[in-house]
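These protein sequence lines are chains C and S, in that order. The opening position of the first sequence corresponds to residue 43 in my numbering, with each subsequent residue numbered one higher. The opening position of the second sequence corresponds to residue 2 in my numbering, with each subsequent residue numbered one higher. We put the CB at the ideal spot given by N, CA and C, even for glycine. One structure below.
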Amino acid sequence: MTDFPATKRHQKTDAKTIPAMARRKRSVGSVFSWAVFVFGVLYFALPLIGMIEFSLRKRRGTYSFDAYTSVLNDSQFQATFTYSVVMSLVTILLGMILVLPAALWVRIRLPRMRPVIEFITLLPLVIPVIVIAFGYLRMFNTSSLLPMTGSVTGTNILLAFGYATLALPYMYRAIDNGLRTLDVQTLTEAAQILGAGWFTILFRIMLPNVFTALLSGAFLTFSIVLGEYVFAALLDRPAFGPYMIWTGGNRAYEPAALAVIAFTITWGCMGLIQLAGRLFPHTRAQR
Amino acid sequence: MPAARGTIITKTATNWIGVIPFLAFTAIFLLLPTVNIVLGAFRGPDGGFTFDTLMKLFEPRLANSFWLSIRVSLFSAALGAGLGFLVAASVIHGGLPAWVRAPMVTFSGVAANFAGVPLAFAFIATLGRLGLVTVLLKDWFGINIYAMGFNLISFWGLVFVYLYFQMSLMILIITPALEGLRREWREAAESLGATGLQYWRMVAIPVLLPSLLGTFALLFANSFGAIATAQALTGSSQSLITVQLFAQIRGDVLQDPNLGYAIAFGMIVITAVANTIYIVLRTRAEKWQK
């Protein structure tokens with residue numbers, strides 16, 4: 043409180059003594075800032091406007107939703123889109139089952155393993171996706187010890203595993219951030235005293251408490267897996283990513299419509315992450 | 002005695018049981034496939050140890066592809082980092098209304114994930130031969146950008162498209178660092194008579210330098226491993242190293258299967274170096290953000 047008048051006085055003298063030249067320089071800086079900002083808005087907005095406009099051009103001479111009806115009625119679209127949605131859900135579930143116990147154990151039992159686990163979760167960002175996919179084709183082909191690519195089910199499982207690998211960095215970061223806000227040690231001990239087993243602790247105590255954090259990891263994973271191309275193409279599975287590439291080579295206006303749909307989904311996922319954070323901000327405090 | 006030993010065993014077991022599925026999964030589906038590729042790069046057609054396979058990376062066709070990928074990544078990372086920094090700095094310290102910040106960060110989060118195939122489609126619809134901007138420039142101003150030599154399906158076209166996710170990733174990462182610049186530093190500089198430009202050149206940029214360079218390395222790795230956007234935009238006319246490897250895996254092009262291993266190994270080395278630079282510089286940058 044004591045230095046409040048001092049600051050005020052300082053501001054007053056400051057405003058009076060700023061020379062006109064310096065003030066003009068400030069406004070030059072401000073004009074530059076606005077110019078940069080407008081450039082940024084144009085660069086980011088024009089491709090979005092362009093793709094929306096293009097997607098409406100299918101009928102000659104007038105705007106229509108023809109490209110969208112054509113896409114939505116395409117049985118290939120329905121099949122690949124459903125396939126990728128199911129794959130995303132499986133990936134989210136798998137990622138959760140792998141990462142939640144590991145992140146929890148690192149906090150309560152094995153703090154010295156933290157650097158190792160964190161390093162592993164960063165690897166999928168370091169090793170290019172195409173290299174991991176290549177490794178899968180070499181290690182799990184029909185003449186290997188674990189011939190997963192030999193059957194359709196096996197390949198589907200392998201693809202889900204690949205996606206779970208890609209999702210590791212995001213899942214781990216999300217869950218670890220969630221656990222950070224909890225007193226994990228006390229919660230675990232309290233649960234154990236009340237006779238809870240590890241399964242109960244994991245899925246009935248930790249899971250609800252990190253639910254918001256988990257949702258943000260889940261939506262991010264969803265938007266990544268939905269449009270993923272390399273893994274699906276190399277494992278030769280009928281996913282949404284390869285379908286989009288195929289459409290790009292064979293149709294004129296439908297690709298733009300697909301881009302609009304994909305962008306809306308990405309936008310929706312990011313919106314839901316923020317919404318989840320706002321809807322359940324204090325899951326812990328309510329108990 | 003047996004009882005005591007039993008508790009020790011159960012104790013070790015419960016100590017590890019939570020991380021074992023994770024470790025087993027990542028060992029089989031992340032580490033082993035990668036190690037397998039790396040070892041393959043040092044093996045000849047007969048299975049023996051050799052450097053010959055790796056030496057083939059220096060043959061013109063592959064070396065050119067690597068060089069093309071490196072140049073696309075360098076230019077898109079440098080421009081993305083530079084322009085993204087300018088946009089973020091303008092919004093945060095350039096006297097723009099404060100309400101612009103939150104939407105900018107949210108939008109960058111979306112745009113950084115709006116990569117791959119749909120991004121290529123959006124740019125084709127905008128700057129392709131029949132794209133919105135191409136057509137409007139011709140109709141309104143009589144400017145035919147394609148007659149002037151512009152081509153979306155070219156090196157610079159690719160860099161221009163990559164900027165979309167590169168710039169947004171830069172904005173996303175550099176915003177917290179920019180917000181960490183203390184007002185006192187600027188005030189101190191100004192009361193010593195520094196102009197705005199001098200403040201940025203002699204105070205802000207040196208403080209931010211580790212963040213800037215670190216993010217540049219991250220952006221480099223980010224575009225180096227990318228393939229879907231290039232595939233959708235240019236087909237295989239720009240033979241990036243990822244596109245080459247993709248074709249090799251599909252079995253279209255090269256006869257020597259070990260060559261695929263060598264390409265993959267080269268890619269791992271490059272992205273690993275870029276990421277190591279990023280991690281080292283990020284730790285250094287955090288010093289100023291306390």
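{"Asked": "With contact counted as at least three CB pairs below 8 Å, one residue from each stretch, are the segment 197-205 of chain C and the segment 237-252 of chain C in contact?", "Found": "no"}
{"Asked": "Mind checking if residue 255/C is an interface residue toward chain A, Cβ cutoff 8 Å exclusive?", "Found": "The structure shown contains no chain A; its protein chains are C and S."}
{"Asked": "Thinking C-beta only, is residue 162/S closer than 8 Å to residue 234/S?", "Found": "yes"}
{"Asked": "State the Cα-Cα distance for the pair residue 226/C and residue 146/C, rounded to the nearest angstrom.", "Found": "8 Å"}
{"Asked": "Helix, strand or coil: which one does DSSP assign to residue 107/C?", "Found": "coil"}
{"Asked": "Take the Cβ of residue 212/C as the centre, count every other Cβ of all protein chains shown within 10 Å, and call the residue buried at 16 or more, exposed below.", "Found": "buried"}
{"Asked": "Residues of the segment 84-105 of chain C with a CB closer than 9 Å to any CB of chain S: list them in chain order, please.", "Found": "85, 86, 88, 89, 90, 91, 92, 93, 94, 95, 96, 97 and 99"}
{"Asked": "Residue 279/C by DSSP, collapsed to three states: which one?", "Found": "coil"}
{"Asked": "Any beta-carbon of chain C closer than 8 Å to the one on residue 98/S?", "Found": "no"}
{"Asked": "Quick check on this structure: which residue in 310/C, 317/C, 320/C and 318/C has the alpha carbon closest to the alpha carbon of residue 114/S?", "Found": "310/C"}
{"Asked": "At a CB-CB cut-off below 9 Å, which residues of chain S make contact with residue 122/C?", "Found": "Per Cβ cutoff of 9 Å: no residues; residue 122/C is ~12 Å from chain S at best."}
{"Asked": "I need the straight-line Cα distance from residue 80/S to residue 266/S, nearest angstrom please.", "Found": "27 Å"}
{"Asked": "Please list the partners that residue 250/S has in chain C, where partner means a Cβ-to-Cβ separation under 7 Å.", "Found": "176, 179 and 276"}
{"Asked": "Taking CB distances under 8 Å as the criterion, tell me whether residue 213/C reaches chain S.", "Found": "no"}
{"Asked": "Following the continuous alpha helix (DSSP H) through residue 219/C, name the residue where it begins and the one where it ends.", "Found": "194-222"}
{"Asked": "Can you have a look at residue 46/C and say buried or exposed, based on whether 16 or more other CB atoms are within 10 angstroms of its CB?", "Found": "The predicted model places residue 46/C with a pLDDT of 42, which falls under 50 and marks its position as unreliable, so this point remains unresolved."}
{"Asked": "Considering only the beta carbon of each residue, do residue 166/C and residue 33/S sit closer than 8 Å?", "Found": "no"}
{"Asked": "Quick check: the Cα distance between residue 286/C and residue 97/S, rounded to an integer number of angstroms?", "Found": "39 Å"}
{"Asked": "Jot down the residue ranges of each uninterrupted alpha helix (DSSP H) in the segment 24-92 of chain S, minimum 4 residues, whole runs only, in chain order.", "Found": "33-41 and 53-56"}
{"Asked": "Checking 8 Å against the spacing of the C-beta atoms, do residue 137/C and residue 230/C come in under that value?", "Found": "no"}
{"Asked": "Using the beta-carbon of each residue, which ones in chain S are nearer than 8 Å to residue 258/C?", "Found": "Correct list: empty, because the minimum Cβ distance to chain S is about 11 Å."}
{"Asked": "Determine the chain C residues that contact residue 124/S at a beta-carbon separation under 9 Å, and present them in chain order.", "Found": "89, 92 and 93"}
{"Asked": "With respect to the alpha helix (DSSP H) encompassing residue 249/S, which residues constitute its N-terminal and C-terminal limits?", "Found": "242-251"}
{"Asked": "Go through its chain and collect everything with a Cβ distance to residue 172/C's Cβ below 7 Å, but skip five positions before and after it.", "Found": "272"}
{"Asked": "What does the Cβ neighbour count give for residue 153/C, buried or exposed, with the cut at 16 atoms within 10 Å?", "Found": "exposed"}
{"Asked": "Using a Cβ-Cβ cut-off of 8 Å, state whether residue 117/C counts as contacting chain S.", "Found": "no"}
{"Asked": "Measuring only the C-alpha atoms, how far is residue 223/C from residue 134/C?", "Found": "22 Å"}
{"Asked": "Using a cut-off of 8 Å between C-beta atoms, extract the partners of residue 221/C located in chain S.", "Found": "The contacting residues do not exist; residue 221/C stays about 12 Å from chain S at best."}
{"Asked": "Between residue 93/S and residue 173/S, which are expected to be in contact by the criterion C-beta below 8 Å, what is the C-beta distance as a whole number of angstroms?", "Found": "Wrong, their Cβ atoms sit about 13 Å apart, outside the cutoff."}
{"Asked": "Can you name the residues of chain C whose CB is closer than 8 Å to the CB of residue 38/S?", "Found": "173, 176, 177 and 180"}
{"Asked": "Ignoring anything shorter than 4 residues, give me the alpha helix (DSSP H) runs that lie fully in the segment 155-185 of chain S, in order along the chain.", "Found": "156-180"}
{"Asked": "Taking residue 279/S and residue 218/S to be in contact with their CB atoms under 8 Å, please state how far apart those CB atoms are, rounded to whole angstroms.", "Found": "4 Å"}
{"Asked": "List the whole-angstrom C-beta distance separating residue 73/S from residue 136/S, where the pair is believed to meet the contact cut-off of C-beta under 8 Å.", "Found": "The pair is not a contact, with the Cβ atoms about 27 Å apart (cut-off 8 Å)."}
{"Asked": "Over what stretch of residues does the alpha helix (DSSP H) that includes residue 265/C continue unbroken?", "Found": "253-269"}
{"Asked": "What's the C-alpha gap between residue 117/S and residue 78/S?", "Found": "17 Å"}
{"Asked": "CA-CA distance, residue 49/S and residue 284/S?", "Found": "41 Å"}
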